[in-house]
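Q: Start counting the sequence shown at 157; every next residue gets the next number (our numbering). Cβ atoms here follow ideal geometry from the backbone N, Cα and C, with glycine treated the same way.
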Amino acid sequence: MTISKHNLKRRKFLKYALAGSAAVSGAGLFGWHQYFDGPISNACKGFSLPQELLEHSLMKQAMHGIDFEQLWDCHFHLLGNGHKPSLNERPSGAWVNPKMQSLSSPFQRLQYEFYLNAACIEKAEYADIEFLTNISDMVSELPSGVRLMLLAFDHQYDDKGNKNLEDSTFHIPNQYAASIAKSNSSFEWIASVHPYRSDAIEQLEWCHSQGARAIKWLPPAMNIDPSSKNCKAFYEKLVQLGMPLLTHAGDEKAVHSEQLQKLSNPLLLRTPLDLGVKVIVAHCASLGSNLDIEAASPKQVSNFKLFSRLMDDRNYQNNCFGDISAINLVNRESAEIKTLIENQAWHTRLLYGSDYPLPGVMPIISSKQLVANDLLDESYLPFVNRVREYNVWMYDFLIKRFVRSGENRLSDSVFQTKRHFF
157 MTISKHNLKR RKFLKYALAG SAAVSGAGLF GWHQYFDGPI SNACKGFSLP QELLEHSLMK
217 QAMHGIDFEQ LWDCHFHLLG NGHKPSLNER PSGAWVNPKM QSLSSPFQRL QYEFYLNAAC
277 IEKAEYADIE FLTNISDMVS ELPSGVRLML LAFDHQYDDK GNKNLEDSTF HIPNQYAASI
337 AKSNSSFEWI ASVHPYRSDA IEQLEWCHSQ GARAIKWLPP AMNIDPSSKN CKAFYEKLVQ
397 LGMPLLTHAG DEKAVHSEQL QKLSNPLLLR TPLDLGVKVI VAHCASLGSN LDIEAASPKQ
457 VSNFKLFSRL MDDRNYQNNC FGDISAINLV NRESAEIKTL IENQAWHTRL LYGSDYPLPG
517 VMPIISSKQL VANDLLDESY LPFVNRVREY NVWMYDFLIK RFVRSGENRL SDSVFQTKRH
577 FF
């Protein structure tokens with residue numbers, strides 16, 4: 157993969173836009189200025205690693221003990237904008253809010269450009285087919301057996317079940333995700349159905365019939381209150397179908413929904429948990445705080461502590477889980493990552509997820525910061541950062557294999573995720 161004039165132009169835009177954003181914010185965007193240890197943009201050198209990296213002793217160390225037939229990346233975003241036909245020259249139906257693509261919304265436009273660069277998409281108008289081509293090439297370079305669970309994403313709906321395009325960030329149709337999963341045996345898919353829709357149950361049943369392995373929600377972006385009575389029938393159907401719910405908890409920065417952040421409170425997930433739904437809490441709720449609505453005198457508590465309360469509840473030992481996607485971002489607390497590593501009793505209920513393409517958004521993940529926080533051995537830096545130039549998914553996998561707290565590491569079982577989707 158050569159660096160085209162389109163990528164060079166995007167890199168220049170990202171460099172100056174990010175510098176400007178950091179200057180405006182004063183503290184710097186995402187805190188990247190303190191620990192930045194690489195280029196602003198994804199190198200996109202192609203997905204095939206040089207032989208010296210494949211045969212490196214650290215690569216062999218990371219691979220040891222993993223049955224890759226059991227490794228299903230449970231948090232892998234499917235990107236597209238619907239501008240040009242994708243699979244089999246058919247329109248994908250994907251949609252991105254025009255605000256994300258407009259210079260009139262500079263921060264959202266900057267996000268959009270970073271996502272395109274992270275996924276090695278050169279021409280935005282061909283995002284659908286380029287993304288599909290890229291991830292097909294990428295998975296062919298991963299260890300045999302690895303599967304990527306592609307995420308669909310529903311629109312935002314209001315409390316009465318009406319679609320709200322104005323405040324929806326993007327949309328990836330279930331039909332599109334299902335068709336891509338059928339096109340490549342290395343792909344699985346996770347559906348997204350808003351529970352307030354009038355046809356929610358019908359849509360859920362269709363997704364199940366088409367092989368969807370779970371349902372994905374992002375409550376603050378989609379306007380979903382997981383504790384709402386409007387979700388009860390949906391939860392009962394999930395239990396009947398045996399489908400897990402992969403739902404975001406903790407602050408959400410990838411989409412713009414500040415007024416709805418309270419919907420990311422992990423404690424709201426007691427409702428589906430009490431009804432027997434298998435709930436996988438995305439990112440282990442590892443960002444921000446929410447009101448402790450169960451306290452005698454409610455106050456703000458870290459979302460991770462609220463998540464921990466659910467994980468430690470004896471009533472939920474069989475249906476409360478967490479995925480470890482995004483735990484290595486620069487805005488995560490190192491103490492919380494260390495808790496995940498040290499709490500070995502949780503490891504059978506933690507699932508590997510990459511949050512792809514976020515590992516390719518260079519300023520938000522810093523190997524150097526992990527070293528500074530005593531989570532990664534400094535001697536690993538040259539190797540992992542070199543891998544990142546070629547394959548950001550493999551970089552993310554390696555980081556999560558190597559992070560440690562003292563002598564403790566994430567167990568092999570965290571990377572044996574397939575069993576959770578049957």
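#1: For residue 552, which of 525, 572, 577, 508 has the nearest alpha-carbon?
#2: Checking 8 Å against the spacing of the C-beta atoms, do residue 372 and residue 348 come in under that value?
#3: Under a three-way DSSP split, which group does residue 325 fall into?
#4: Expressed to the nearest angstrom, what Euclidean distance is found between the alpha-carbon atoms of residue 376 and residue 532?
#5: Measure the C-alpha to C-alpha separation of residue 437 and residue 419 and round it to an integer number of angstroms.
#6: For residue 399, does the three-state DSSP call read helix, strand or coil?
#7: Ends of the alpha helix (DSSP H) at residue 468?
#8: Where does residue 521 land, buried or exposed, given buried means 16+ other C-beta within 10 angstroms?
#9: Indicate whether residue 481 and residue 510 have their beta-carbon atoms separated by less than 8 Å.
#10: In three-state DSSP terms, what is residue 436?
#11: Between residue 441 and residue 463, what straight-line distance do the alpha-carbon atoms span, to the nearest angstrom?
#12: Indicate, with yes or no, if the ligand ZN has a heavy atom lying under 7 Å from the CB of residue 348.
#13: Are the Cβ atoms of residue 424 and residue 381 separated by less than 8 Å?
#14: Touching or not, the segment 205-221 and the segment 539-550, by the rule of three or more beta carbon pairs under 8 Å?
#15: Are residue 312 and residue 379 touching if we call contact CB-CB under 8 Å?
#16: Could you check how far apart the C-beta atoms of residue 433 and residue 401 are, in whole angstroms? I think they sit under 8 Å.
#17: At the 8 Å Cβ level, is residue 529 part of the contact set with chain D, yes or no?
#18: To the nearest angstrom, report how far apart residue 240 and residue 287 are at their CA atoms.
#19: State whether the segment 312-325 contacts the segment 210-226, with contact taken as three or more CB pairs (one from each stretch) at a distance under 8 Å.
#20: Could you please give the first and the last residue of the uninterrupted beta strand (DSSP E) stretch that includes residue 541?
#21: I need the boundaries of the beta strand (DSSP E) containing residue 447, first residue and last residue.
#22: In its own chain, which residues sit with a C-beta less than 8 Å from the C-beta of residue 426, not counting the 5 before and 5 after it?
#23: Is the distance from the Cβ of residue 570 to the Cβ of residue 526 below 8 Å?
#24: If you run the structure through DSSP and keep just helix, strand and coil, what is residue 364?
#25: List the endpoints of the continuous alpha helix (DSSP H) containing residue 263.
#26: Among 422, 452, 213, whose alpha-carbon lies nearest the alpha-carbon of residue 538?
#27: Taking 8 Å as the threshold, find out whether the segment 241-252 comes into contact with the segment 481-490 through three or more Cβ pairs.
A: The relevant details are as follows:
#1: 508
#2: yes
#3: coil
#4: 32 Å
#5: 13 Å
#6: coil
#7: 459-468
#8: buried
#9: yes
#10: strand
#11: 6 Å
#12: As for the ligand ZN, it is missing from this structure, which has no ligand bound.
#13: yes
#14: yes
#15: yes
#16: 5 Å
#17: This model lacks chain D altogether, as it is built from one protein chain only.
#18: 12 Å
#19: no
#20: Run containing residue 541: none in the beta strand (DSSP E); it sits in the alpha helix (DSSP H), 537-546.
#21: 445-447
#22: 383, 466
#23: no
#24: helix
#25: 262-274
#26: 213
#27: no
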